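J.: Chain order of the listed sequences is A and B.
With positions in the first sequence counted from 1, the corresponding number in my numbering is that position plus 8.
With positions in the second sequence counted from 1, the corresponding number in my numbering is that position plus 8.
Virtual Cβ for every residue (Gly too), placed ideally from N, Cα, C.
Computed from a prediction, not measured in an experiment: that's the story for all the values here.
2 protein chains.
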Amino acid sequence: MDTSGKMGPIATSCAQVVAASERPTARNFGERAARIGRLVELGIRCPRTVAVSIDAVGAEHGGAAMDVSPVLDQFEPRPLLSVRSSPRFSRCGGVGVFLWVGLNNAALPMLAERIGRKRALHAYKRHIRNFAYRVHEVEIDSPSRQPGQSTRECEVEVGRLLESFRRKVGTEFPQSPSEQLRAAVRTMAKGWNKPSARLLRTARGFSGETGLGLVVQEMVLCRSSRGMRVWSSQAINVETGRKDFRVGIGEQANSADIATADSEVALSRGWEDELRRIHDKLRRSLADEIQLRFADDGTDVFVLEYGVLQKSVAAEVRVAVELVQAGVIDKQDALLRIDPENLASLLHPQVSPEANNRVIAKGIAASPGAASGAIVFSSSAADVRAARSQGCILVRAETGPEDIRGMHIAQGVLTGRGGMTSHAAVIARGLGVPCVAGATNIDFWPQSGALVTDEGNIFREGDTITIDGTAGVVLEGAAPTLPPDYGRAVRQFLDWADCCRDLGIRANADTLDEVKIALRFGAEGVGLCRTEHMFFDESRLTVMREMIFASTPAERRQSLEKLLPMQRGDFLQLFQSLPGKPVCIRLLDPPLHEFLPHDQDELADLAEAIGLSLEQLTARAEELKEFNPMLGLRGVRLGISVPEIYEMQARAIFEAAAEATARGISVSPEIMVPLVTANREVVLVKRQIDQVAEEVRASTGVDFEFELGVMVETPRAALRAGELAANATFLSFGTNDLTQLTYGISRDDSARIVDEYVRLGVFPADPFSRIDREGVGELLQLAVSRGMDTRPDLLLSLCGEHAASADTIEFSRQAKFSYVSCSPFRVPIARLAAAQAAIRQRRAAG
Amino acid sequence: MDTSGKMGPIATSCAQVVAASERPTARNFGERAARIGRLVELGIRCPRTVAVSIDAVGAEHGGAAMDVSPVLDQFEPRPLLSVRSSPRFSRCGGVGVFLWVGLNNAALPMLAERIGRKRALHAYKRHIRNFAYRVHEVEIDSPSRQPGQSTRECEVEVGRLLESFRRKVGTEFPQSPSEQLRAAVRTMAKGWNKPSARLLRTARGFSGETGLGLVVQEMVLCRSSRGMRVWSSQAINVETGRKDFRVGIGEQANSADIATADSEVALSRGWEDELRRIHDKLRRSLADEIQLRFADDGTDVFVLEYGVLQKSVAAEVRVAVELVQAGVIDKQDALLRIDPENLASLLHPQVSPEANNRVIAKGIAASPGAASGAIVFSSSAADVRAARSQGCILVRAETGPEDIRGMHIAQGVLTGRGGMTSHAAVIARGLGVPCVAGATNIDFWPQSGALVTDEGNIFREGDTITIDGTAGVVLEGAAPTLPPDYGRAVRQFLDWADCCRDLGIRANADTLDEVKIALRFGAEGVGLCRTEHMFFDESRLTVMREMIFASTPAERRQSLEKLLPMQRGDFLQLFQSLPGKPVCIRLLDPPLHEFLPHDQDELADLAEAIGLSLEQLTARAEELKEFNPMLGLRGVRLGISVPEIYEMQARAIFEAAAEATARGISVSPEIMVPLVTANREVVLVKRQIDQVAEEVRASTGVDFEFELGVMVETPRAALRAGELAANATFLSFGTNDLTQLTYGISRDDSARIVDEYVRLGVFPADPFSRIDREGVGELLQLAVSRGMDTRPDLLLSLCGEHAASADTIEFSRQAKFSYVSCSPFRVPIARLAAAQAAIRQRRAAG
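(1) Rounded to whole angstroms, what is the Cα-Cα separation between cysteine 184 of chain A and valine 109 of chain A?
(2) Report the three-state DSSP secondary structure of threonine 539 of chain A (helix, strand or coil).
(3) So if I threshold CB-CB distances at 8 Å, which residues from the region 741-758 of chain A count as touching chain B?
(4) Secondary structure at glutamate 217 of chain A, three-state DSSP: helix, strand or coil?
(5) How should asparagine 112 of chain A be labelled, buried or exposed, when 16 other C-beta atoms within 10 angstroms of its C-beta is the threshold for buried?
(6) Out of curiosity, what's the CA-to-CA distance linking alanine 845 of chain B and leucine 331 of chain B?
(7) Is valine 770 of chain B close to chain A? Criterion is C-beta to C-beta, closer than 8 Å.
(8) Which word fits valine 897 of chain A, buried or exposed, when buried means at least 16 other C-beta atoms lie within 10 angstroms of its C-beta?
(9) Let me confirm a value: cysteine 507 of chain A is counted as buried when at least 16 other C-beta atoms fall within 10 Å, else exposed. Which label applies?
(10) Flag this pair as yes or no: are the beta carbons of alanine 729 of chain B and arginine 794 of chain B separated by less than 8 Å?
(11) Identify the contact partners of glycine 783 of chain B in chain A, using a Cβ-Cβ distance below 8 Å as the criterion.
(12) Going by the CB atoms, is the gap between phenylalanine 310 of chain A and cysteine 54 of chain A shorter than 8 Å?
(13) Compile a chain-ordered list of the residues in the region 633-645 of chain B whose CB is closer than 7 Å to at least one CB of chain A.
(14) Going by CA-CA distance only, name the one from B:Thr560, B:Ala517, B:Gln419 that's closest to cysteine 592 of chain B.
(15) Per DSSP, what are the beta-bridge partners of isoleucine 513 of chain B in this structure?
(16) Can you check whether the CB of valine 441 of chain B is closer than 8 Å to the CB of alanine 418 of chain B?
(17) How about aspartate 597 of chain A and glutamate 540 of chain A: are their beta carbons less than 8 Å apart?
(18) Are the Cβ atoms of glutamine 744 of chain A and glutamate 809 of chain A separated by less than 8 Å?
(19) Decide if arginine 285 of chain A is buried, meaning its Cβ has at least 16 other Cβ atoms within 10 Å, or exposed.
(20) Please confirm if isoleucine 761 of chain B has its CB atom under 8 Å from at least one CB of chain A.
(21) Taking just the CA atoms, how far does alanine 497 of chain A sit from alanine 445 of chain A?
(22) Which ranges would you report for the alpha helix (DSSP H) in the region 95-128 of chain A if only whole runs of at least 4 residues count?
(23) Hey, how far is the Cα of alanine 267 of chain A from the Cα of arginine 231 of chain A?
(24) Please report the straight-line C-alpha distance between alanine 526 of chain B and phenylalanine 106 of chain B, rounded to a whole angstrom.
(25) Over the uninterrupted beta strand (DSSP E) stretch that includes alanine 59 of chain A, give me the two end residues.
(26) Excluding the 5 residues preceding and the 5 following alanine 342 of chain A in the sequence, name in chain order all residues of the same chain whose CB lies nearer than 8 Å to its CB.
(27) Please confirm whether leucine 595 of chain B has its beta-carbon closer than 8 Å to some beta-carbon of chain A.
(28) Report the CB separation of alanine 736 of chain B from valine 690 of chain B in whole angstroms; it is logged as a contact under 8 Å.
(29) How many Å lie between leucine 207 of chain A and arginine 326 of chain A at the Cα?
(30) Let's see if you can read the secondary structure: which residues bound the beta strand (DSSP E) around alanine 303 of chain A?
(31) Return the first residue and the last residue of the alpha helix (DSSP H) that glutamine 242 of chain A is part of.
(32) With H, G and I counted as helix, E and B as strand and the rest as coil, what does DSSP make of lysine 202 of chain A?
(33) Hey, does arginine 564 of chain B have any beta-carbon neighbour from chain A nearer than 8 Å?
(34) Under the DSSP definition of a beta bridge, which residues are partnered with tyrosine 751 of chain A?
(35) Excluding the 5 residues flanking proline 651 of chain B on each side, which residues of the same chain have their C-beta closer than 7 Å to its C-beta?
(36) Put phenylalanine 181 of chain B into one of helix, strand or coil per three-state DSSP.
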């Protein structure tokens, strides 16, 4: 068979009609046919191909017998054909290929001439056996092929198989090519509609009714081991995205029926050049890097089809950047290609795909990245490890503020309770520490210093484990990891994103370390600086506790005076590391009992340290206890009932601002009042803060500006935003708390409820992961419109766990927010998501 | 002086002008003048009177000297006058009276003729001394009056006083009546404007600028001990309101300068008849019962003024009812007179006003009424007392569900923490048990079984105390009490209220006892039956706990099958005691851990009872713990994650309904789903309940109807009410939880925050006592309008602590609610408040 001039163009067959001019679409002919159509259109050499439409295959299954002669007419008189499935969507799966269709007694000599007699006989044997099995569901006895079989023995075996076919099937093996082709089509149509195949499609997220087209292709013959050699090639490294031309052997799918070439591939220079040209053509046409499947006839290559290459995020980004640089796509197209969430894997080390450590627990992928270290059950144990420069993983049933120090020290965090918005998860993401939360299938025995797995294996303090916060699993021992990849291409890519977006991105950052990460990842300022974390340092915590146990305002003021220079130092460092950038500082928010010791030993130590009896201390600590701390004495309520605290904080901020200004650093402090419910709260705090500002201006002689705003976290604050905006120049929406209160669900206790609700479809999604537009969203919108009515230049923003999600960013743009503020490690994600939202809107507007 | 023909009419003096025809108004002349004007108008005999206007007194104080001759012109040539203050509002307080104005050397013989020479001389002495002291602030030496002083000695003393006046004051004692009157007016004007007097007015809630008028009246002289006798009379008993004509002596105010009559009063028949006629005239004119002040000249009575009688609520109601029956006022007027909150004192025994027991603690008046008993610190100690038929007072730092049993048993409750909506307060009001909550000035040492007061006094278990839940105080020992008074008049009055109101009133009732009280107090049905309270009985609690610790759904179902007949019995009793009346049953709401034991001993007992190890039990109990139980796994979330519970409850309700129906009792069960946030929750529960209903209809062969509704307690449910109404035929607003979530304030922890906020004016009122119209109210209104859009015949109601307040009732009517549901003991209050709201609206509409 001389194929060189006859490959392509593709012909399409819709039912009985063949029209060589019709360009097959995926909708009518399936994705494989459409892709081959594109190859033909680009003038790439393909085998001659006929596409059978989805309707025609459907009709065949429905009982209409297809007239295959118009298909056969497209090929030379004795065709040897492959019939492949071309489902509407390639990810649906398919039906096994039919090869050698048309091979019969008459065609055998021609095939023998092309690939040699023995190989031709082997092909015929496979064809007969396969036909019996696939079309008639009959297995024909055949001794396993012996390596040393002679040509003669092969001929005898063919005769035995034809005889066996007649006996077992009841008819002669069909010698007519059209009969063979019709049988192949009917078998594939039936296979596609089997219950098991339909179920599989459903499981993959497609409709059971998804249609199947077929692709009938002339086989490319070669004098190789099985008469046909299939190769694959790709032009880049899928991990890095760098140029790296490679040719491999065969294909994964349908490999059982495809001949494999030698494992070592040495292409002729001519082939490689041609393939590189084809890749380049397709790259320009498809604006992506693909994998080619091709066959050769010993001289030329014939492209059978191509597929989308599964690439790492780094590779995706590099490919996109290079396509822009090559003028194939524009920057906006490039930005739209990457799912922002996928960037997360670039920002942390990852467990290597080659790791084969045993999985000992599964939980929620609460903070991405990989970390190995020795198990510790407390912050103090983490201290000990850190002193010896040993890595550790903090393991707690659940975390609280007293664990933050340990979380700073530890390389990873594992908790037994809590979901995506548990304390551990929120803090870990903020710190960029890998975390697996809510690992419910292990038992925590912190008292006896042990973890017990489902299978009864015990891990003790000091045993090494690996946290895979990207996958949400815990591995035994130290698993191999890959370093984070955030190279030139990603930086370039995110710079483009910054040019496209119209929503500001700030970071939630409480410490200098977090500020550094935030700046490295491109944050434009700090949107939420939680001052409470500044008090958890051991030396400060004692003073803080002294303040809490003060029995008079004067005593309390004394303790606060010790804290003042510390806070002033904190803020000065912040301002210095963020010159000219806005810093939004939230006044003290958590209930005071969060700062108290939790066990008797610590209480006794504290009693000694501050000179109170243990009874007095215990009694006061009891008094501070609350049934529902989330709904208790915290936020501005604390600021109003113990006004000395906010006064000290305001003084620290202003003295730091004055000092920074005096040093020539441009400073933009924004002070935020938390947990507001009534306008009068803002009025009282504003009065106090304005007065402190005046005092500091007078005492330092430095003039500085600041803004005062309100954190909208309660439904009532949202409803009353019109009033609040009269005394606030900005509103920042704390969607975590707002979601908690709108639903009456605590995020700390939510995991088990919300998971079950999402599973049962009660909630379409976890409202702590994806903003609830119907409830929380309506409150936000009410607040925005009421606030803007009062103050048209009101600055609006959103901070909290939701902030960096694409969905929230889209919402925030629609709601005319100025910026969102998220954990430093999510800043790149937010930058891209914001760019995409802007591009999509511009495109939708035409 | 012949006064008989010259008494009245009143003349008024505005500045210098006197116009006898002008009727003095309280605005221009003060309340006393206006009242005397009314007496004159009614033809009641009064002394001749001239009113001096507020403007004239103000001008006098401002420096303008009043021309008193037009005043004096109204009296006979040698008048003896009293000058009394007539402030704009009588409750402002006043300035001391001037008596004997006009008494001088020339008038002395006339006076001597009227009342005897010695009495006349005594009056003159008092007048001179008083004038020096009040007008000139000079004390004139005078030996104390000796009882046996002769007329001669009196004459000598008058001379000495006139001499002493001249020497000490520097001028002669003024003999001119006009000079005396001018001095009196000036002195009183000055006294009214002293800083101390202004402060007193402010303290009483009036402006410091409130004006003063004066009343100048001819003195009624009598040959009595001091020349003038003042009496008071009233026609009813102020405690009961029953007719009970009494005459008393003197008056409380200004008593120092008024002569007192003998303590035994024997009126002539003529006087009594005349006074009864005057009372009757005034009752008809004022539509109220008053106290008269009158003087006599030995022959006739002259009315000096009248005052409003301070009556008990029972008396107020009886007076109102009798005024209606006498045709003086109509029923609506009667209904508007009584503050609904005041009815509370009729529904419980009260501490007698005569009690003089020492107050040992103060707190919040959380549930009205009085109760005495021995201190107990636990439900089990209460049990022991009850077994011995001894009364007891349950004393707890705070209460939880495990104390409900004790609260049922105890006669009163005292807690150290919590406000009006703390657990203790809510339950106590529901049970009608007197309660003082949040008594922060005593220390609770339950471990050592003692209470320690501020003053260091120790009360131990078994010591007797009295709870005054009406006043919010705790008394030492058993204080005397008055029984509750809810007589015929009150019933009549509330029947009228029922005729006027257009808002339904139901009761929150969980037990038969509560239902009985509710019916006695006029509830039209049960608006909230909290099924959880049915499980706190000891025998059921164990089965409930067995259910909670079940390790498989099958085991759980087994425990629930034991609970089923108990619940069915509960509901059958409910239906039987409320034939034809609606009963709204809330499915299980609280988090399961509320049913768990709280100490190790109880846990160990339970472990034994249900055959689990203490470790397993403790672990499971730990798992159920929540940071913020209010925001945790409760309400419909529990119903969905453990569907067997609601299934059992629905079955119990329906089987009871079927049985009641079969017995010919008309049954209207309404089933309410608590803590809804998403429509799908309602859909799932509705599907389950409808199925159970079908099963029970099929198995019993009885057809019964029921309604399914949603309790709107979360802001999200309010926002999504439009959707919810598609599957709910009624919405009941739980304003306690809705307020908690809208504000982000827990009612259990609210007392200290909210109290301080109300004190600082941050909140205008405690949002748990008075519905917050701006925030919570807006959510309610949104929910109503959205719900009605979906289902125009949606039944709307409100249950919770707010329900019986006048403010909430007004709001509920405006919002078109069908009914409110409150604690049984507040049903009469709600009935009256609803009537008042309806009447006020009709009147405002004209």
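T.: So, from the listed chains and residues:
(1) Within the first sequence, the letter at position 176 stands for residue 184 of chain A. Within the first sequence, the letter at position 101 stands for residue 109 of chain A. Here the sequence assigns serine to residue 184 of chain A, which means cysteine is not the residue at that position. Using only the alpha carbons, I get a separation of about 10 Å.
(2) Walking along the first sequence from the start, residue 539 of chain A turns up at place 531. Helix.
(3) Asp745, Gln748, Leu749, Thr750, Tyr751, Gly752, Ile753, Ser754, Asp756, Asp757
(4) Within the first sequence, residue 217 of chain A is the residue found at index 209, counting from 1. Here glutamate 217 of chain A sits in coil by DSSP.
(5) Taking the first sequence and counting its residues from 1, one reaches residue 112 of chain A at position 104. That one is buried.
(6) Along the second sequence, one-based indexing puts residue 845 of chain B at 837. Along the second sequence, one-based indexing puts residue 331 of chain B at 323. C-alpha separation (whole angstroms): 21 Å.
(7) Walking along the second sequence from the start, residue 770 of chain B turns up at place 762. It does: the Cβ of valine 770 of chain B has a partner Cβ on chain A nearer than 8 Å.
(8) Nothing about residue 897 of chain A can be reported from this structure: the residues present for chain A run from 9 to 854 only.
(9) Residue numbering aside, residue 507 of chain A sits at position 499 when the first sequence is read from its first letter. Label assigned to cysteine 507 of chain A: exposed.
(10) What you label residue 729 of chain B is simply residue 721 of the second sequence in a count that begins at 1. What you label residue 794 of chain B is simply residue 786 of the second sequence in a count that begins at 1. Yes, they are a contact pair.
(11) Your numbering for residue 783 of chain B matches position 775 in the second sequence. Under the 8 Å cutoff, chain A gives Thr685, Pro723, Arg724, Leu727, Arg728.
(12) On the first sequence, position 46 is the one that residue 54 of chain A refers to. On the first sequence, position 302 is the one that residue 310 of chain A refers to. At a Cβ-Cβ threshold of 8 Å, cysteine 54 of chain A and phenylalanine 310 of chain A count as neighbours.
(13) Glu634, Phe635, Asn636, Pro637, Met638, Leu639, Gly640, Leu641, Arg645
(14) Position 584 of the second sequence, counting from 1, holds the residue named residue 592 of chain B. For cysteine 592 of chain B, the nearest C-alpha among the options comes from B:Ala517.
(15) By one-based count along the second sequence, residue 513 of chain B stands at place 505. DSSP, once it has assigned bridges, lists B:Val828 as partnering isoleucine 513 of chain B.
(16) For the purposes of this step, residue 418 of chain B is taken as the residue at position 410 of the second sequence. For the purposes of this step, residue 441 of chain B is taken as the residue at position 433 of the second sequence. Taking 8 Å as the Cβ cut-off, alanine 418 of chain B and valine 441 of chain B qualify as a contacting pair.
(17) Walking along the first sequence from the start, residue 597 of chain A turns up at place 589. Walking along the first sequence from the start, residue 540 of chain A turns up at place 532. Cβ distance < 8 Å, so aspartate 597 of chain A and glutamate 540 of chain A count as in contact.
(18) The residue given as residue 744 of chain A occupies position 736 in the first sequence. The residue given as residue 809 of chain A occupies position 801 in the first sequence. As written in the sequence, residue 744 of chain A is asparagine, which differs from the glutamine given in the question. Yes, they are a contact pair.
(19) Position 277 of the first sequence, counted from the first residue, corresponds to residue 285 of chain A. Counting Cβ neighbours within 10 Å, arginine 285 of chain A comes out exposed, since fewer than 16 surround it.
(20) Stepping through the second sequence from its first residue, residue 761 of chain B is reached at position 753. For isoleucine 761 of chain B, the answer is yes, since a Cβ of chain A falls inside 8 Å of its Cβ.
(21) As a working mapping, residue 445 of chain A is identified with position 437 in the first sequence. As a working mapping, residue 497 of chain A is identified with position 489 in the first sequence. If you take the alpha carbons of alanine 445 of chain A and alanine 497 of chain A, they lie about 33 Å apart.
(22) For the region 95-128 of chain A, whole alpha helix (DSSP H) runs of length 4 or above, ordered along the chain, are 116-123.
(23) In the first sequence, counting from the first residue as 1, residue 267 of chain A sits at position 259. In the first sequence, counting from the first residue as 1, residue 231 of chain A sits at position 223. No answer about alanine 267 of chain A holds up, because its pLDDT of 37 lies below 50 and its placement is not dependable.
(24) By 1-based counting over the second sequence, the position of residue 526 of chain B is 518. By 1-based counting over the second sequence, the position of residue 106 of chain B is 98. Straight-line Cα distance between these residues: approximately 57 Å.
(25) Indexing the first sequence from 1 puts residue 59 of chain A at position 51. That run of the beta strand (DSSP E) goes 57-60.
(26) In the first sequence, the residue the question calls residue 342 of chain A occupies position 334. Taken in chain order, the residues that qualify are Ala328, Val329, Leu331, Val332, Phe501, Trp504.
(27) Along the second sequence, read from residue 1 onward, the residue named residue 595 of chain B stands at position 587. Output row for leucine 595 of chain B: interface = no.
(28) Walking along the second sequence from the start, residue 736 of chain B turns up at place 728. Walking along the second sequence from the start, residue 690 of chain B turns up at place 682. Indeed they touch by this definition, with Cβ atoms about 6 Å apart.
(29) Numbered from its first residue, the first sequence carries residue 207 of chain A at position 199. Numbered from its first residue, the first sequence carries residue 326 of chain A at position 318. The alpha-carbon atoms of leucine 207 of chain A and arginine 326 of chain A are separated by roughly 37 Å.
(30) Along the first sequence, read from residue 1 onward, the residue named residue 303 of chain A stands at position 295. 298-304 is the extent of the beta strand (DSSP E) around alanine 303 of chain A.
(31) Sequence index remark: in the first sequence, residue 242 of chain A carries index 234 (1-based). Glutamine 242 of chain A -> not in any alpha helix (DSSP H); beta strand (DSSP E) instead, spanning 237-244.
(32) Taking the first residue of the first sequence as position 1, residue 202 of chain A is located at position 194. If DSSP states are grouped into helix, strand and coil, lysine 202 of chain A belongs with coil.
(33) On the second sequence, position 556 is the one that residue 564 of chain B refers to. No, its Cβ sits nowhere closer than 8 Å to a Cβ of chain A.
(34) Translated into the one-based positions of the first sequence, residue 751 of chain A becomes position 743. Tyrosine 751 of chain A is not bridged to any residue.
(35) As a position in the second sequence, residue 651 of chain B is number 643, starting the count at 1. Same-chain partners within the cutoff: Gln696.
(36) As a first step, residue 181 of chain B must be located in the second sequence, where it is residue number 173. Phenylalanine 181 of chain B: coil per DSSP, three-state reduction.
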